[in-house]
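In what follows, a structure is listed as structure tokens, so that the remarks can point back to it.
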Amino acid sequence: MDKINGNLTTSSVSYEDFKANDGKVVSIHGYIHRIREMTGFAFVIIRTATETVQCVYAPEFSDYRWDERLCEEACVRVTGKVVGSLDAKGNERFELQIHGIEILSLPAEGLPIVINKKQLDNIQLNTILDLRPISMRNPKERAIFKLQEGIQRGFREYLISQNFTEIHSPKINFAGAEGGTNVFKLDYFGKQVYLAQSPQLYKQALVGVYERVFEIAPVFRAEHHDTSRHLNEYISMDFEMGFINGFEDIMNMETGALKYIMNLLKTEYKKEVELLRADIPEITDIPAIKFMDAKKIIMEKFKYKPTDMKDFDPEEEQLLGKYAKKEFNSDFIFITHYPSRKRPFYTMDDPSDPEYTLSFDLLFRGLEITSGGQRIHDYNMQVEKMIKCGMNPEEFETYLMLHKYGAPPHGGLGLGLERLTMHLLGCKNVREATMFPRDINRVTP
Ligand code: AMO
378 MDKINGNLTT
388 SSVSYEDFKA
398 NDGKVVSIHG
408 YIHRIREMTG
418 FAFVIIRTAT
428 ETVQCVYAPE
438 FSDYRWDERL
448 CEEACVRVTG
458 KVVGSLDAKG
468 NERFELQIHG
478 IEILSLPAEG
488 LPIVINKKQL
498 DNIQLNTILD
508 LRPISMRNPK
518 ERAIFKLQEG
528 IQRGFREYLI
538 SQNFTEIHSP
548 KINFAGAEGG
558 TNVFKLDYFG
568 KQVYLAQSPQ
578 LYKQALVGVY
588 ERVFEIAPVF
598 RAEHHDTSRH
608 LNEYISMDFE
618 MGFINGFEDI
628 MNMETGALKY
638 IMNLLKTEYK
648 KEVELLRADI
658 PEITDIPAIK
668 FMDAKKIIME
678 KFKYKPTDMK
688 DFDPEEEQLL
698 GKYAKKEFNS
708 DFIFITHYPS
718 RKRPFYTMDD
728 PSDPEYTLSF
738 DLLFRGLEIT
748 SGGQRIHDYN
758 MQVEKMIKCG
768 MNPEEFETYL
778 MLHKYGAPPH
788 GGLGLGLERL
798 TMHLLGCKNV
808 REATMFPRDI
818 NRVTP
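Dropping the structure here:
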């Protein structure tokens with residue numbers, strides 16, 4: 378056997394690597410994705426961490442003889458000669474003429490689903506989720522979460538470029554941050570504590586230290602209903618920034634982050650975008666309308682009768698998505714000035730009309746993906762609002778330290794990673810965009 382010149386690792390097997398190694402003997406490792414037996418030879422498709430590589434077995438290539446134990450999903454190291462050729466369209470492609478296959482492990486039994494198809498679309502979502510550790514080996518399923526990495530990476534890179542500091546707040550908390558009943562209670566050595574609904578209390582505290590902070594982390598919501606857009610644990614991409622002039626600063630920062638993310642996906646996640654046919658939106662400026670104006674549009678333009686004048690139902694969000702597309706040719710729309718009664722205790726009321734708040738939601742293709750706004754930074758105002766909300770300020774003593782000892786005007790937002798991924802990919806259910814979903818019926822795998 379020729380000397381092994383290159384040792385292509387899983388992450389480096391690319392067109393460029395093969396081109397650089399044309400005619401040389403290399404070894405790659407991965408899984409046998411598919412075996413296609415032909416007369417006198419066989420195609421062996423190896424799935425590495427990033428690619429599928431066509432390898433060809435034929436007795437004339439070397440002394441190596443086919444091992445009958447080889448099967449799909451066998452974990453192997455393949456050594457072979459890189460050979461370039463032209464495909465039917467005249468494009469250069471590379472394959473490996475097999476000189477040897479080292480078996481690293483063999484499946485103990487047959488697979489419960491066929492994973493080497495283009496996509497798993499004839500398999501029920503519940504089955505895909507039950508079998509996540511292997512169903513994700515399907516190249517399309519795998520691409521969903523690679524693309525999701527790109528979203529988080531874009532969020533992180535953009536905010537770091539804007540002088541934000543990355544933080545990690547505790548997930549076992551002394552109080553729920555968002556109010557309402559959807560908080561998980563936990564027995565903590567005989568004391569009642571709560572799983573974090575959001576990093577809200579901590580990101581605000583840290584504005585007093587770093588001025589600009591962000592966090593990408595799981596949060597927990599005890600959602601009692603089973604819907605296509607609610608999870609009991611999801612990844613929240615949060616930021617909080619101080620010394621703002623208004624909540625518009627937050628919306629502008631989010632617009633910048635989204636532009637950066639979409640551009641990153643188009644350039645560095647091109648393969649996943651193409652494989653998944655992800656519809657990456659063009660973002661210029663994101664239109665914004667006030668909550669009450671949005672209600673008017675829903676009632677007058679779409680003749681829809683809202684059931685709740687203080688919030689939107691999913692149907693109303695969809696109508697607003699249609700409106701944004703038609704009127705502004707935008708996949709996004711900010712809705713601002715939500716009614717005070719529907720927003721959490723930390724939200725700043727609008728001084729010109731305290732029935733409403735200096736807050737916003739961002740809808741993406743008719744689905745809420747973000748809530749945010751300006752926070753109360755004055756100590757007395759915050760204590761008063763807590764009392765109005767039926768809370769005991771004494772229980773929030775550590776949270777109120779920010780306000781008591783000098784807080785800048787500040788605000789921030791929380792962006793649901795799975796919801797953003799879901800609508801980028803046109804998924805019908807948020808679970809499709811969740812690696813290991815937790816919902817009312819599911820805690821495994
Ligand atoms: P909010 O509770 O609106 O705001 O959540 C922010 C965003 O998180 C996502 N989200 C969810 N995704 C999946 N399943 C759920 N059960 C779920 N609940 C919420 C949505 C939503 O827009 N502290 C504030 C944010 C802030 O003001 O900074 C908060 O958590 O995409």
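Numbering (the numbering used here), first residue to last: 378 to 822.
Note that beta-carbon positions come from the ideal geometry of N, C-alpha and C, so glycine has one too.
In terms of CA proximity to Y756, E774 leads the group Y441, E774, G803. Residue side-chain check: H607 places its Cβ nearer than 7 angstroms to a non-hydrogen atom of the ligand AMO.
In this structure, DSSP gives F395 a helical state, which the three-state scheme calls helix.
The ligand AMO has a heavy atom closer than 7 angstroms to the beta-carbon of I746.
The beta carbon of G457 sits no closer than 7 angstroms to any heavy atom of the ligand AMO. Taken through DSSP and simplified to helix, strand or coil, R519 comes out as helix. Shortest Cα-Cα distance from N706 to any of M669, R720, I511, A665 involves A665. In this model, D603 and R819 are separated by some 11 angstroms (Cα to Cα).
One alpha carbon belongs to V590, the other to H406, and they sit about 40 angstroms apart.
Contact between G698 and G743 holds, since their C-beta atoms are separated by about 3 angstroms, short of 8 angstroms. Within the chosen limit of 7 angstroms, the ligand AMO reaches the beta carbon of G789 through at least one heavy atom. In this structure, L739 and M725 do not form a Cβ contact; the two beta carbons are roughly 18 angstroms apart against a cut-off of 8 angstroms.
In terms of CA proximity to E625, K667 leads the group L524, P595, K667. Between S404 and T456, the gap from beta carbon to beta carbon is short of 8 angstroms.
Take the alpha-carbon of I638 and the one of L696: they are about 26 angstroms apart. With a cut-off of 7 angstroms, the C-beta of G553 is classified as distant from the ligand AMO, since no heavy atom of the ligand falls inside that distance. Within the segment 456-517, the runs of beta strand (DSSP E) at least 3 residues long that lie entirely inside it are, in chain order, 469-482.
The beta strand (DSSP E) runs lying completely inside the segment 625-677 and spanning 3 residues or more are 665-667, given in chain order.
Counting the other CB atoms within 10 Å of its CB gives Y782 a total below 16, which places it among the exposed residues. The alpha-carbon of T821 is positioned some 12 angstroms away from that of T504.
For the pair L583 and R808, the CB atoms are not nearer than the 8 angstroms cut-off.
For F737, the uninterrupted beta strand (DSSP E) run begins and ends at 736-741, by DSSP.
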